[in-house]
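Remarks on the structure that follows.
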Amino acid sequence: MERIERTGMIGQEKLLSYLEMTIAEDRPSHAYLLYGPKGCGKKTAARYFAKALLCTGSEEKPCGRCRSCTLFESGSHPGWAVIAAKEGESAIRIGAIREMIATMVYKPFGDRHVHLIEEGHTMTVEAQNALLKTLEEPGRGQVILITSERPDALLATIRSRCQILNVPHLTDEQMGQFVQKYFPEDLQRARALLQRAKGSPGWLVENLKDTAVLEMSNRILEGLLTAFKGKPSVLFALGEAIAKDKELSEPLTDELLYFFLNALRRHYRGESQPHQQDLLAILSRRQLQLISETLFELKNCLTYNMNQRLGWEATLMRIYAIGANIDVK
452 MERIERTGMI
462 GQEKLLSYLE
472 MTIAEDRPSH
482 AYLLYGPKGC
492 GKKTAARYFA
502 KALLCTGSEE
512 KPCGRCRSCT
522 LFESGSHPGW
532 AVIAAKEGES
542 AIRIGAIREM
552 IATMVYKPFG
562 DRHVHLIEEG
572 HTMTVEAQNA
582 LLKTLEEPGR
592 GQVILITSER
602 PDALLATIRS
612 RCQILNVPHL
622 TDEQMGQFVQ
632 KYFPEDLQRA
642 RALLQRAKGS
652 PGWLVENLKD
662 TAVLEMSNRI
672 LEGLLTAFKG
682 KPSVLFALGE
692 AIAKDKELSE
702 PLTDELLYFF
712 LNALRRHYRG
722 ESQPHQQDLL
732 AILSRRQLQL
742 ISETLFELKN
752 CLTYNMNQRL
762 GWEATLMRIY
772 AIGANIDVK
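Whatever position you read off the sequence shown (first residue = 1), add 451 for our numbering.
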């Protein structure tokens, strides 16, 4: 049976080939830096590599059947550790790196220890300096994997002591293959998100799972249609509902912005609108443009500590005013 770690690396054939050659030769470097944009598969690649390095099976690695692979999948492998910023914090501090280094003195389970430092660019300077000492004098059987969106934020001396592996965005064709393979039951919605995903399978998966954003987006669009038909009071209840979940605001703004910008593009091209046809039949090209600009303004305001309820109420009433031709200045 094809293993999920490998199949999850669609479009990363060059990287996969290098990792499998390293695994076959069983002579890994002491440190690797996997860099690339958010959601491109760095963590998936690192986990696949780590599991293979720790595998004690005699066949193709990772075998998925040996005790090491079983422990790895259960998250209880004594030779595998993930270092990341603590919950509620944005940086990996020196204490976390020191704890990692302390475990290196123990005899590895099997032939080696593998440590993954997620989002390595979030390490403080002190943490990076502590790591540097370990990279300069690597212990036997120790492999350190670092993932990062911003390798330039790492000390040059750290980068120079790592094997550098690029994990690029996927092409449109590769993203299409990814969707066909993993989301055949949700193909229409997955394809609708492809352009916004910008070659990031991780972003696509996250947003397909996040049904709360899609459900609230549909509620707002239906609410706007009701408002345009003479009942604008429904928009105040929507603003209050959104404000109850502050983490919803940013992705919801992006979802609505994409919807109206895509509708505007279709309007320019003379194409039919596949979704919310009753709502879009009311709006002119100019109104779609003004609504998009209004959502851009909201997106910018969200970077500040704004009152969520008042901000959304004002935005929705502004969109209503645009659609009802009350005031578009």
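The beta carbon of each residue, even a glycine, is placed where N, CA and C say it ideally should be.
These figures come from a predicted structure and were not determined experimentally.
- Leaving out the 5 sequence neighbours to the left and right, which residues in its chain are closer than 7 Å to residue 579 when beta-carbon positions are compared? 605, 606 and 609
- Message: Runs of 4 residues minimum, wholly inside the stretch 456-516: which ones carry the alpha helix (DSSP H) assignment?
- Response: Given a length threshold of 4 residues, each whole run of the alpha helix (DSSP H) inside the stretch 456-516 is given here in chain order: 464-476 and 493-505.
- Task: Would you please state the rounded distance, in angstroms, between the beta carbons of residue 552 and residue 543? I believe it to be under 8 Å.
- Result: Contact doesn't hold; Cβ gap of about 13 Å is too wide.
- Report the residue from 731, 679, 751 and 480 whose alpha carbon sits nearest the alpha carbon of residue 776. Taking only the C-alpha atoms, the option nearest residue 776 is 679.
- Whole-Å CB distance - residue 675 paired with residue 770, under 8 Å assumed: About 6 Å separates the two Cβ atoms, so the contact holds.
- Item | Alpha-carbon to alpha-carbon, residue 611 and residue 531 | 24 Å
- Would you say the stretch 646-657 touches the stretch 723-733, given that touching needs at least three Cβ pairs under 8 Å? no
- Message: For residue 708, which residues in the same chain have their Cβ closer than 8 Å to its Cβ, ignoring the five residues on either side in sequence?
- Response: 743, 746, 747 and 750
- Close-in-space but distant-in-sequence residues of the same chain around residue 596 (CB under 6 Å, 5 per side omitted): 483, 497 and 567
- Task: Give me the Cα-Cα distance between residue 528 and residue 593, rounded to the nearest whole angstrom.
- Result: 15 Å
- Backbone CA spacing between residue 735 and residue 471 [nearest angstrom]: 55 Å
- What residue does the beta strand (DSSP E) around residue 616 start on, and which one ends it? Counting along the chain, the beta strand (DSSP E) containing residue 616 begins and ends at 614-617.
- Query: Going by the CB atoms, is the gap between residue 646 and residue 462 shorter than 9 Å?
  - Reply: no
- residue 477 to residue 510 span [Cα, whole Å]: 13 Å
- Task: May I ask you to report which of helix, strand or coil DSSP gives residue 700?
- Result: helix
- With DSSP collapsed to three states, give me the class of residue 594. strand
- Message: Once the 5 residues before and after residue 783 are set aside, which same chain residues still bring their CB inside 8 Å of it?
- Response: Beyond the ends of the chain as shown, which are 452 and 780, falls residue 783; an answer cannot be given.
- List in chain order: all unbroken alpha helix (DSSP H) runs of 4+ residues lying wholly within the stretch 641-682. 652-660 and 662-679
- Query: Across which residues does DSSP place residue 564 in a beta bridge pair?
  - Reply: DSSP lists 593 as partners of residue 564.
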